[in-house]
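Participant:
Protein chains: 4
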Amino acid sequence: MIKAGIIGSTGYAGGELVRILMGHKDVEIKWYGSRSYIDKRYADVYRNMFQIVDAVCMDDNMEALADEVDVIFTATPQGLCASLVSEEILSKVKIVDLSADFRIKDVNIYEEWYKIKHPAPQFIEEAVYGLCEVNREAIRNARLIANPGCYPTCSFLSVYPLAKEGLIDMNTIIIDAKSGTSGAGRGAKTDNLYCEVNENIKAYGVAGHRHTPEIEEQLGYASGENTTINFTPHLVPMNRGILVTAYASLKKETNYEAIKAVYDKYYDNEKFVRVLDKDVCPQTKWVEGSNYVDVNFKIDPRTNRIIMMGAMDNLVKGAAGQAVQNMNLMFGLPETEGLNLVPMFP
Amino acid sequence: MIKAGIIGSTGYAGGELVRILMGHKDVEIKWYGSRSYIDKRYADVYRNMFQIVDAVCMDDNMEALADEVDVIFTATPQGLCASLVSEEILSKVKIVDLSADFRIKDVNIYEEWYKIKHPAPQFIEEAVYGLCEVNREAIRNARLIANPGCYPTCSFLSVYPLAKEGLIDMNTIIIDAKSGTSGAGRGAKTDNLYCEVNENIKAYGVAGHRHTPEIEEQLGYASGENTTINFTPHLVPMNRGILVTAYASLKKETNYEAIKAVYDKYYDNEKFVRVLDKDVCPQTKWVEGSNYVDVNFKIDPRTNRIIMMGAMDNLVKGAAGQAVQNMNLMFGLPETEGLNLVPMFP
Amino acid sequence: MIKAGIIGSTGYAGGELVRILMGHKDVEIKWYGSRSYIDKRYADVYRNMFQIVDAVCMDDNMEALADEVDVIFTATPQGLCASLVSEEILSKVKIVDLSADFRIKDVNIYEEWYKIKHPAPQFIEEAVYGLCEVNREAIRNARLIANPGCYPTCSFLSVYPLAKEGLIDMNTIIIDAKSGTSGAGRGAKTDNLYCEVNENIKAYGVAGHRHTPEIEEQLGYASGENTTINFTPHLVPMNRGILVTAYASLKKETNYEAIKAVYDKYYDNEKFVRVLDKDVCPQTKWVEGSNYVDVNFKIDPRTNRIIMMGAMDNLVKGAAGQAVQNMNLMFGLPETEGLNLVPMFP
Amino acid sequence: MIKAGIIGSTGYAGGELVRILMGHKDVEIKWYGSRSYIDKRYADVYRNMFQIVDAVCMDDNMEALADEVDVIFTATPQGLCASLVSEEILSKVKIVDLSADFRIKDVNIYEEWYKIKHPAPQFIEEAVYGLCEVNREAIRNARLIANPGCYPTCSFLSVYPLAKEGLIDMNTIIIDAKSGTSGAGRGAKTDNLYCEVNENIKAYGVAGHRHTPEIEEQLGYASGENTTINFTPHLVPMNRGILVTAYASLKKETNYEAIKAVYDKYYDNEKFVRVLDKDVCPQTKWVEGSNYVDVNFKIDPRTNRIIMMGAMDNLVKGAAGQAVQNMNLMFGLPETEGLNLVPMFP
């Protein structure tokens, strides 16, 4: 039985991690960390867990935790995980960090976009970007995983095969993304009140969202080219789900079958990426509650662009589900263990 | 491996049954019946099932089905199951009927409220009302289960302990219920369009809803008294969930602890009924996607009434989950098999 | 031109008052009070008002305000209006108080339910309960109006004709109410976040909500009997709207036509109360954005109870619209001036 | 008093036209046409109109109508208006056609995208594209107005100043649009059921939506260049509202002030187009129920692209409001008559 600790267990991603791990036969949660709710029963914070979780919330003590558990998940604000991690801790325990601290290899870019000084740049190189479909082997051997961001996971997986195969002009990529409101977190802000979000849609962080450099870096690795994109997130009145609509110019004329073959080449053996049938557009509802990313594409011969689409549950494949997928790989378990979640509809 | 067939697999309850059975280790679905979608791939009707279900939809042939499977679920309009069932079929296969055909023991009451002639009254007596928390032993030995209605399940379980113990005046019961829109089914009606339901709430079927006699009959069995109630359902702009707020006059003065003890007496050992902590009101979101019913109560000393509350996922404990719970009992499996679904929040 | 000042203009009720007064040809808003946003442009708080309102928010100075305006609306937390009002102020300006400070005639009941000491009990007697359909004449001559609560307005108007005519047993009244989330205000609380409210319904304040004694007092006046009721509010995932479902025992057998005649007697000449056609249930969406209350009823001969229903926009007839209706009466304007708002659908 | 007739008065756009015209002091609706609801009371189809509209629905008889009214609004499926119009009718009455029949000047393009033969191509040239902010003078003198589509209105007004001034590369334009569900109409289709749309977002009509050529044609006129774009609409779980996020490459380096000046040049005197303050992103909720379009932009120096945004109520400025604006111009009324609708929030 793998013993797990969660730092930041009372945010939405932390709560989802608890939900998923409750159904994982090889894991036991030993530590529900939550600085805001110390000594409060976890089930009083998330009442869906009544009679399921008996534990009370603990403080964020990573050193104590490292002695008690086999794996630590950090679902915390930027900078926190990096400020706590140390060589000693990493020698005792594996860490899956759901924050952005170790996602970006160039510390200057991290500090520029996140406006904070990186507290532990010495671990950036070692950290593995936890996108299982791309870095599976490195993940198996990692001590420290940078669990990808929600928007980057969906954006990257939608575009990846074409970037990797050199079929699109990397400097024409525009990613227009739409997210449910759980992505904004559980903090009590006026902007996230029901009445402000409901019956409303808006763009935010236009030309400045912090997931931009993360997507660019990963697309750069895939294509072998420096990549600069436009990325525009939108807030949608729904709890869960991210939909990505990405645009790029095709380098040369092509057709449906050729592009489909490329997607299949990369995803045919990937359980969690479903390439939909021709002309079927991904919908967030079809993946809700599951670890799937549904992708598809459409060629527009009039403009010679390709429209790439992806849909995902931001709290599962975009956060907690992917974290468990990474943990499974790190501990030599079947990659899908605990993740055979059938999407809930309606 | 139990072989299961579903007649009516493409309604919302049928779809939920498929979702739950996909996670049930002892069951295999052999027949996806759907008169509306014969020969269409099931995953084209419910795209959440893409790459999960490969089957195509079949016609409703209960005789053929009875030779192929061990259990048939009928998630069909009133009258259909009763028109298909026969002694020969029941000798070969167990049936869990999610329609109302066999729920009401008095055929006259059935015919009066449902406005149809009952096609097979000879099986009414044999059929067991599938509320596991009450009729567990009878269910184990049943061939034919009348799976309870969504409103009746939530209403009855909220009131049951007090009715059974004779603590409330049965003729003062008023049940004000609120349901998500999946309860209205997947038929294409103007009233159920997004724009008509969203940002709206209404009562419907006031003083005439067909779940009324079902609730009355069950409360009558529990209390040993003829029971006539007011039942008012409301349509709420959400996909899933039923909330029941029930009112009754207390026969004599009492207090929180005494009533709590009564609820605990009936539900302490029931995994799927959670009696919440004092002053915590049930919320549908806390049970979404799970087989739980959350119940609680509040005494109003000013009026000497008790307010009983219950929250449930109408498609799970109110339909498909309860059907699986019944099936587990009928086949001697652990009652919770396939039903360890943790509620999804948010 | 009537000059108006609003104290508490940046809550949802205050914002709605601004929206309505913008379309009122005889009123000009001179003071946008908001303690939380002093010196901030009003249109930066409510961007729907961009290029419509140019003013900045001011502090809550009722004395200064009394010299500048003809009418003050207070849309503020309990206790504030009462702590600011004085004989001198009332000699200069009319006040419509949207808080509960002057709604309840018995100061002990106010203090018991609101858990605060009343700061100005000397004005309670003078204050007129601003339900225009009932107290029209008194309102015309009032200096101080207690604008009714949202739940009480909808509850009372649904039950009023039958209470007044002595047709129902006043001690059997149960009011089950459902409100959109704008009723919970614009304060940043976790419970009111989008993800907590969406796809969810719950009761709250069961057997203890502060609108209970207000409803009881008004029903007492109407019926001439001491009245104790059960009142249960629920939070519904929608922005606006209150639906009331009220139950009472009929004193004697009656029929649809007789009861319809009673409703018509009271409401035939009331523009803002619409008695719907037989068997049509009120829906909140049909009154959204307007000052209407839609009411109807259903007799249940099985239980000899009557179910009375009402639907209303909580921010209009339940707050700002009713306040303007009161103001119109106080200033001798046509009662409907500025209130010819056609409900918006969908 | 202008007498108006509406053909197709029971669709959502027709209903909104009724709502707006109820508040227009110079117009009286004489004919509520609705082929689906002939002889049914209008207020039984849209119950928000109870006690407001007394009329019953009439058949679609444009010839009879032309003798009775001064202006006809057609809010009907493609092809219907064109099949009814004639020189004789146009000699008697003005027509504002809310369908696409006369929007596209090149009949071949119309027939290619709409897959129908145009029934009256002889009137295409005469018809004026009713975007008041651009074609104001021509509209004043028109007999036949092609009221713009919802997506084209919001898309075009967001991009227009930059296209007109030659500041963007017209072949780089990508428009990613998001619409509330009322845009899908009131037809009873499974895809538009509450449970299918709620908690869901999807793209549709990718690379093939029929509003594409309309946007292209108008942008072509503005820029003087043949323009081919990508246009991707999305369905969002909300009733009303369109949000446009448009991308284009800037022809040369520029800055905020320069671009702001260009927007102001075109929109400073336009009441219904609001150029928001720097860094404020349009939100659909801020314009709900009103005739405003809120626009803004953001320059991305990293990619040398500009992101143009627009938010609008699809049923008002995107349909009925714009139709009334056109009517006002045609009849020499103040352009804003009946359209001083303050956005409703929340």
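Chains as they are written, first to last, in the numbering used here: chain E, 1 to 346; chain F, 1 to 346; chain G, 1 to 346; chain V, 1 to 346. Beta carbons: idealized from backbone N, C-alpha and C, even for Gly.
1) By alpha-carbon positions, which one of E:Asp264, E:Asn291, E:Leu90, E:Pro161 ends up nearest to E:Phe272?
2) Identify the continuous beta strand (DSSP E) that holds F:Ala246 and give its terminal residues.
3) Grouping DSSP H, G and I as helix and E and B as strand, with all else coil, what is F:Glu337?
4) Looking only at C-alpha atoms, which of E:Lys202, E:Glu257, E:Gln218, E:Pro346 sits nearest to F:Ile194?
5) Kindly say whether G:Cys414, judged by its beta-carbon, lies nearer than 8 Å to any beta-carbon of chain E.
6) Counting only C-beta atoms, is G:Asn198 closer than 8 Å to chain E at any point?
7) Decide if the region 249-264 of chain V is in contact with the region 158-170 of chain E; the criterion is three or more beta carbon pairs, one per stretch, under 8 Å apart.
8) Which whole runs of the beta strand (DSSP E) in the region 268-309 of chain G are 3 residues long or more, in chain order?
9) On the DSSP bridge assignment, give the partners of F:Ala203 in chain order.
10) Please confirm if G:Ser182 has its CB atom under 8 Å from at least one CB of chain E.
11) Sort G:Thr303, G:Glu199, G:Val96, G:Phe297 by Cα distance to F:Gly289 and report the nearest one.
12) With C-beta atoms as the reference, is E:Asp97 less than 8 Å away from E:Lys3?
13) Does the region 234-243 of chain E come close enough to the region 171-183 of chain E to have 3 or more Cβ pairs within less than 8 Å?
14) I think G:Arg302 touches F:Thr10, with their Cβ atoms under 8 Å apart; what is that distance to the nearest whole Å?
15) Which residue or residues does DSSP assign as beta-bridge partners of V:Ser179?
16) Round the Cβ separation of F:Met58 and F:Glu28 to the nearest angstrom and send it over; I've been treating them as touching at under 8 Å.
17) Which residue wins for smallest C-alpha separation from V:Asp268, given the options V:Gly208, V:Met344, V:Glu63, V:Val293?
18) Could you tell me which of G:Leu329, G:Gly318, G:Ala323, G:Val324 sits nearest to G:Tyr151, measuring between CA atoms?
19) Are the C-beta of V:Asn48 and some C-beta of chain G separated by less than 8 Å?
20) To the nearest angstrom, report how far apart F:Asp101 and F:Glu88 are at their CA atoms.
21) Is there a Cβ of chain E sitting closer than 8 Å to that of G:Thr190, yes or no?
22) Would V:Thr190 be called buried (16 or more neighbouring beta carbons within 10 Å of its own) or exposed?
23) So with CB distances below 8 Å, who are the chain E contacts of F:Gly373?
24) Kindly indicate which residue of F:Tyr37, F:Glu270, F:Ala43 has the alpha-carbon position closest to the one of F:Val18.
25) Measuring only the C-alpha atoms, how far is F:Ala320 from F:Leu84?
26) Opposite E:Ile168 in the DSSP bridges: which residues?
27) What are the start and end residues of the alpha helix (DSSP H) that includes V:Tyr32?
28) Buried or exposed, going by whether 16 or more other CB atoms sit within 10 Å of the CB of E:Gln347?
29) Who are F:Ile145's beta bridge partners in DSSP?
30) Consider the Cβ of E:Gly321: report whether some Cβ of chain V lies at a distance smaller than 8 Å.
31) Taking the continuous beta strand (DSSP E) assigned at E:Val71, which residues delimit it?
32) Quick one, are the C-beta atoms of F:Val159 and G:Ile307 less than 8 Å apart?
33) Classify V:Leu193 as helix, strand or coil using the three-state DSSP reduction.
34) For the beta strand (DSSP E) containing E:Ile7, name the first residue and the last one.
35) Any beta-carbon of chain G closer than 8 Å to the one on F:Ala203?
36) Is there a Cβ of chain E sitting closer than 8 Å to that of V:Ile109, yes or no?
Facilitator: On the basis of the supplied data:
1) As a first step, residue 272 of chain E must be located in the first sequence, where it is residue number 272. Residue E:Asn291 is the option with its Cα nearest to E:Phe272.
2) The sequence position of residue 246 of chain F within the second sequence is 246, counting from 1. Annotation: the continuous beta strand (DSSP E) that includes F:Ala246 extends over 242-249.
3) Translated into positions along the second sequence, residue 337 of chain F becomes position 337. Coil.
4) Within the second sequence, the letter at position 194 stands for residue 194 of chain F. Per the sequence shown, residue 194 of chain F should be read as Tyr rather than Ile. Considering only alpha carbons, the answer is E:Pro346.
5) Outside the shown range of chain G (1 to 346) lies residue 414 of chain G, about which nothing can therefore be said.
6) Taking the first residue of the third sequence as 1, we reach residue 198 of chain G at position 198. For G:Asn198, the nearest CB of chain E lies under 8 Å from its own CB, placing it at the interface with that chain.
7) Cβ pair count under 8 Å is below three, so no.
8) With a minimum length of 3 residues, the continuous beta strand (DSSP E) runs that stay inside the region 268-309 of chain G are 273-275, 293-300.
9) By 1-based counting over the second sequence, the position of residue 203 of chain F is 203. Under DSSP, the beta-bridge partners assigned to F:Ala203 are F:His234.
10) The count along the third sequence starts at 1 and reaches residue 182 of chain G at position 182. For G:Ser182, the answer is yes, since a Cβ of chain E falls inside 8 Å of its Cβ.
11) To locate residue 289 of chain F, count along the second sequence from 1; it is residue 289. The residue with the shortest Cα to Cα distance from F:Gly289 is G:Glu199.
12) Taking the first sequence and counting its residues from 1, one reaches residue 97 of chain E at position 97. Taking the first sequence and counting its residues from 1, one reaches residue 3 of chain E at position 3. If you check the CB distance, E:Asp97 and E:Lys3 do not come in under 8 Å.
13) The region 234-243 of chain E is in contact with the region 171-183 of chain E.
14) The count along the third sequence starts at 1 and reaches residue 302 of chain G at position 302. The count along the second sequence starts at 1 and reaches residue 10 of chain F at position 10. Contact between G:Arg302 and F:Thr10 is ruled out by a C-beta separation of about 36 Å, above the 8 Å threshold.
15) If you number the fourth sequence from 1, residue 179 of chain V lands on position 179. DSSP lists V:Leu235, V:Ile242 as the bridge partner or partners of V:Ser179.
16) Translated into the one-based positions of the second sequence, residue 58 of chain F becomes position 58. Translated into the one-based positions of the second sequence, residue 28 of chain F becomes position 28. Going by Cβ atoms, the distance from F:Met58 to F:Glu28 rounds to 15 Å, so no, they are not a contact pair.
17) For the purposes of this step, residue 268 of chain V is taken as the residue at position 268 of the fourth sequence. For the residues V:Gly208, V:Met344, V:Glu63, V:Val293, the minimum Cα distance to V:Asp268 belongs to V:Val293.
18) As a working mapping, residue 151 of chain G is identified with position 151 in the third sequence. The shortest C-alpha separation from G:Tyr151 is found at G:Gly318.
19) The residue you call residue 48 of chain V lines up with position 48 of the fourth sequence. At least one beta carbon of chain G lies nearer than 8 Å to the beta carbon of V:Asn48.
20) Within the second sequence, numbered from 1, the residue matching residue 101 of chain F stands at position 101. Within the second sequence, numbered from 1, the residue matching residue 88 of chain F stands at position 88. If you take the alpha carbons of F:Asp101 and F:Glu88, they lie about 18 Å apart.
21) Counting from one through the third sequence, the residue named residue 190 of chain G turns up at place 190. Yes - at least one Cβ of chain E is within 8 Å of the one on G:Thr190.
22) As a working note, residue 190 of chain V is residue 190 in the fourth sequence. Note on V:Thr190: under 16 other CB atoms within 10 angstroms of its CB, so exposed under the neighbour-count rule.
23) Lying outside 1 to 346, the shown extent of chain F, residue 373 of chain F is not represented and no answer is given.
24) Walking along the second sequence from the start, residue 18 of chain F turns up at place 18. Ranked by Cα distance from F:Val18, the first of F:Tyr37, F:Glu270, F:Ala43 is F:Ala43.
25) Within the second sequence, numbered from 1, the residue matching residue 320 of chain F stands at position 320. Within the second sequence, numbered from 1, the residue matching residue 84 of chain F stands at position 84. Computed Cα separation, rounded: 20 Å.
26) The residue given as residue 168 of chain E occupies position 168 in the first sequence. Answer is E:Leu250.
27) Translated into the one-based positions of the fourth sequence, residue 32 of chain V becomes position 32. According to the DSSP assignment, V:Tyr32 belongs to no alpha helix (DSSP H) but to the beta strand (DSSP E) extending over 27-33.
28) The displayed coordinates of chain E run from 1 to 346. Any statement about residue 347 of chain E would go beyond what the structure contains.
29) Within the second sequence, the letter at position 145 stands for residue 145 of chain F. Paired residues: F:Val96, F:Val128.
30) Stepping through the first sequence from its first residue, residue 321 of chain E is reached at position 321. No, its Cβ sits nowhere closer than 8 Å to a Cβ of chain V.
31) Taking the first sequence and counting its residues from 1, one reaches residue 71 of chain E at position 71. It spans 71-74 - the beta strand (DSSP E) in which E:Val71 sits, taken as one unbroken run.
32) For the purposes of this step, residue 159 of chain F is identified with residue 159 of the second sequence, where counting begins at 1. For the purposes of this step, residue 307 of chain G is identified with residue 307 of the third sequence, where counting begins at 1. Their beta carbons are not under 8 Å apart, which means F:Val159 does not touch G:Ile307 by this criterion.
33) To locate residue 193 of chain V, count along the fourth sequence from 1; it is residue 193. In the structure shown, V:Leu193 sits in a strand (DSSP, three-state: E or B).
34) Position 7 of the first sequence, counted from the start, is the residue given in the question as residue 7 of chain E. Residues 2-7.
35) Reading the second sequence from its first residue, position 203 is the one you call residue 203 of chain F. It does; some Cβ of chain G falls within 8 Å.
36) For the purposes of this step, residue 109 of chain V is taken as the residue at position 109 of the fourth sequence. Not an interface residue.
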